[in-house]
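Protein chains in written order, with the working numbering: chain D, 8 to 134; chain A, 10 to 132.
No residue lacks a Cβ here, since even glycine has one placed at the ideal position from N, Cα and C.
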Amino acid sequence: MAETKQVDRPLSPHIQIYRPQLTSITSILTRITGNALIVAAVLIVWWLLAASTSEAYFATANAVLTSWFGDLVLSLSVLGVWYHYLAGLRHLYFDAGHGLDIPTAEKLGWACLVGSVVLTVITLLIV
Amino acid sequence: MRYLTARKRAEGKGASHTGTEHHWYMTVSAVGLAFLIPTFIFIVGGALGGTREEVLAAFARPFPAILTGLTLYVGMMHFKKGAQMMIEDYWQGTTRKALIMLVIGLSYTITATGLFALAKIAL
């Protein structure tokens with residue numbers, strides 16, 4: 008068949024139309040936190056590599072990770088990982104067929120948001 | 010005469026050419042990570058900020074080393090598939106393919122580097 012011309016087909020607007028719901032916000036937060044954790048993964052693996060290599064290299068990596076900036080990034084990563092963790096459990100619960108009605112889903116959503124903050128505070132205190 | 014029986018219509022993988030492997034993999038890795046991530050946070054969090062000797066000592070023991078290595082592997086494979094889902098949602102065409110390849114490459118690189126570092130410390 009001949010080359011079809013690329014026509015820009017309009018997308019049905021959704022973000023401009025629907026008011027943000029708890030369900031949609033928790034969903035996109037799950038995606039955002041999951042993907043953003045790549046930063047923490049890179050930092051931690053870099054730190055491990057530095058520790059296994061030499062004192063000098065480790066000094067550099069350690070300095071970055073324990074600086075105020077490194078502390079901030081890692082603390083936010085703890086928040087991200089706990090949120091993604093709880094939201095993931097929520098997804099597993101949904102996949103089993105439970106809690107799919109709106110009131111339950113919203114309660115669980117709030118539990119994820121609040122729980123992640125609580126767990127983060129606990130983690131930062133203990134660890 | 011209809012050769013397409015009801016069974017033939019139902020079986021097979023359909024237009025997407027894949028079955029539920031992706032979803033099942035995410036489910037299995039999620040359950041695995043549900044156990045691994047708290048241990049990872051505890052081990053790595055405890056070791057962060059220590060001197061190099063403390064860090065080497067922390068990861069030289071088999072339990073922390075194995076748990077961290079497992080978390081890295083399962084975590085990065087979970088990330089790889091999750092990032093692929095995001096890319097498939099937002100990009101099309103060549104950009105999509107390139108980004109997926111990039112993410113898969115990145116995931117394996119991080120995994121390999123992490124496992125190498127752990128092996129070097131522990132062995």
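Does the stretch 78-98 of chain A come within contact of the stretch 16-36 of chain D, defined as at least 3 CB pairs closer than 8 angstroms?
no
Euclidean distance between Cα positions of Ile24 of chain D and Ile46 of chain A:
38 angstroms
In angstroms, rounded to a whole number, what distance separates the CA positions of Leu50 of chain D and Leu72 of chain D?
8 angstroms
Alpha carbon of Phe49 of chain A to alpha carbon of His26 of chain A, nearest angstrom:
36 angstroms
What are the start and end residues of the alpha helix (DSSP H) that includes Ser116 of chain A?
102-131
Residues of chain A with CB closer than 9 angstroms to the CB of Leu99 of chain D, please, in chain order.
Thr36, Ala39, Val40, Ala43
Count the other CB atoms within 10 Å of the CB of Arg16 of chain A; is the residue buried (16 or more) or exposed (fewer)?
exposed
Stretch pair the stretch 87-103 of chain D + the stretch 113-128 of chain D: three plus CB contacts closer than 8 angstroms:
yes
Chain-ordered residues of the stretch 75-96 of chain A with a beta carbon less than 9 angstroms from chain D
Thr77, Leu81, Gly84, Met85, His87, Phe88, Gly91, Ala92, Met94, Met95
Roughly how many whole angstroms lie between the Cα atoms of Arg105 of chain A and Gln93 of chain A?
9 angstroms
Considering Cα atoms alone, identify which of A:Leu42, A:Ala19, A:Arg18 is closest to Leu79 of chain A.
A:Leu42
Tell me the rounded alpha-carbon separation between Gly58 of chain A and Gly77 of chain D.
11 angstroms
Reduced DSSP category for Gln93 of chain A - H, G, I as helix; E, B as strand; rest coil:
helix
Less than 8 angstroms between the CB atoms is what I'm expecting for Leu65 of chain A and Ile130 of chain A, so what's the real figure, rounded?
6 angstroms
Quick one: give me the first and last residue of the alpha helix (DSSP H) that Ser59 of chain D is part of.
29-60
Using the beta-carbon of each residue, which ones in chain D are nearer than 7 angstroms to Ile46 of chain A?
Val88, Tyr92
Leaving aside the five residues before and after Ser38 of chain A along the sequence, list all residues of the same chain whose C-beta is less than 7 angstroms from its C-beta, in chain order.
Val83, Met86, His87
Determine the direct distance from the alpha carbon of Asp98 of chain A to that of Leu127 of chain A, and round the result to whole angstroms.
35 angstroms
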